[in-house]
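The numbering used here numbers the first residue of the sequence shown as 408 and each following residue consecutively.
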Amino acid sequence: MNTLTRRSFLGAAATLAAATACSAPPAPTGGSFGTLVYQLGWIRNVQFAGEYMADRGGHFAAGGFDAVDLVPGGPNVSPNTVVVSGRALLTLSGCDVTGPAILQGAPLVALGAVRQTNPLCIMSLSSAPIREPRDLIGRRIGLQATNETTWRAFLQVNGIDPAQVPTVPAQFDPQPLAAGEVDGWFSFYANEPNSLRVRGYDVTTMLLADHGFPLVSDIIVARRDSLTTDRAAVAAAVRAEIQGWQDALRDRDAATTLTVDEYGRDLGLDRTEQRRALDDHATLILTEDTRANGLFTISDELRDRSIESLRRGGIAIAADQLFDMSVLDEVYAADPALRTAA
């Protein structure tokens, strides 16, 4: 399922603003942080393998949490709203979802990003590949309504008139591409391409990030006031999450098994597809910067480029409105050895 497919369900800025008056998660008592409620951004697939490994590997427990509830998302869940209302301490979201919510009054802030490479891409069949933006001209692209703003911004960045690239209204199953009804498919790099690969199709992907549209993804989102009221708990959860992702990246077979057989067992996930997806997620997570500075970190350059991508998409938000990296900085300052990415 494409990450952007969730945005029609997750935006709800008005709902977020209305929830602002609700209380933040309670402060820990008795030397323990109690139960960590972490609202996942979507269903329990391998996209959240690091969180599963942090739970099963005892990292959250070692950080001071008595129990962990990794709450699955879905089409009827707005993760940011759950955090604003105080029902979860943290969630994972997109800059283009959280940014507009903040601009409309939601008291949210991003603490870091799990994926430093924009996972959005154009997928095509390798028999008629789309490798560069100019290859889009004259080709039919399956485009979901929720992705239209990003699509237009991407074309603008690359100097392409939208009239040169016909689009076909699409849902999220890429079967129309396999059937030859369209020439390209707006996709999430680790998901739709692998869903076709396991069906025997050879596909080519063109990442938007490689062509002028960088944007960090799966940002870790908290209530801004929790950085004061629950800072120690937030820091403990982030530290454990780093450790969980280190484990997942080092032992991808174990992380896939944990996803398919336990956390996502009710979803009927395809093991091969999930394993391939985790490898693709790794390429989005492990960059030159994160290998040097640690998981979830965002360089100043990438932060500024992400803010510019948002601006081009019609979201005019300042970096300090969206990001506060101070908790992550403190986590790494307290344990520099943790910076080893994987």
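Just so you know, even glycine gets a beta-carbon here, dropped at the ideal spot from N, CA and C.
Residue 551 versus 737, 599, 593 and 448, residue with shortest Cα-Cα distance: Checked all of 737, 599, 593 and 448; the closest Cα to residue 551 is 593.
Residue 423, DSSP secondary structure in three states: Caution applies to residue 423, whose pLDDT of 44 falls short of 50 and renders its modelled position unreliable; the model cannot decide the point.
Where residue 558 falls, given that 16 or more other Cβ within 10 Å makes a residue buried: Burial call: buried.
C-alpha gap between residue 531 and residue 576, whole angstroms: Across the structure, residue 531 and residue 576 are spaced so that their CA atoms are roughly 16 Å apart.
Start and end residues, beta strand (DSSP E) containing residue 593: First-last of the beta strand (DSSP E) with residue 593: 591-595.
Coil, strand or helix - residue 742 by DSSP: The answer is coil: DSSP assigns residue 742 none of H, G, I, E or B.
Cβ neighbours of residue 401 in the same chain (closer than 8 Å, five flanking residues each side left out): Residue 401 is absent from the model: the chain starts at 408 and stops at 749.
Stretch-stretch touch, CB-based, cutoff 8 Å, three pairs: the stretch 682-689 with the stretch 594-611: Contact holds: three or more Cβ-Cβ distances are below 8 Å.
Counterpart residues of residue 517 in DSSP-defined beta bridges: Residue 517 pairs with 628 and 730.
Pairwise C-alpha distance: residue 446 and residue 438: Summary for residue 438: the model assigns pLDDT 46, below 50, so the residue's position carries little reliability; its value from the coordinates is reported in the next sentence. Near 24 Å, if we compare the C-alpha coordinates of residue 446 and residue 438.
Cβ-Cβ separation, residue 457 to residue 648 (assumed contact under 8 Å), whole Å: About 6 Å separates the two Cβ atoms, so the contact holds.
Alpha helix (DSSP H) runs contained entirely in the stretch 636-688, provided each spans 4 or more residues: Counting only runs of 4 or more, we get 638-657 and 659-665.
Identified DSSP bridge partners for residue 486: Paired residue(s): none; residue 486 is not in a bridge.
Delimiting residues of the alpha helix (DSSP H) encompassing residue 582: Element bounds for residue 582: 582-585.
CB contact flag (residue 748, residue 697, <8 Å): Going by C-beta atoms, residue 748 is nearer than 8 Å to residue 697.
Residue 498 - partner residues in DSSP beta bridges: Note: residue 498 is bridge-paired with 446 and 628 in the DSSP secondary-structure output.
Nonlocal neighbours in the same chain, by C-beta distance under 7 Å from residue 533, ignoring five residues either side: The answer, listed in chain order, is 609, 610 and 611.
Closest by C-alpha distance to residue 623, when choosing among 712, 484, 656 and 470: Nearest neighbour of residue 623 by Cα position, chosen from 712, 484, 656 and 470, turns out to be 712.
Residue 512 versus 728, 692, 459 and 527, residue with shortest Cα-Cα distance: The residue with the shortest Cα to Cα distance from residue 512 is 728.
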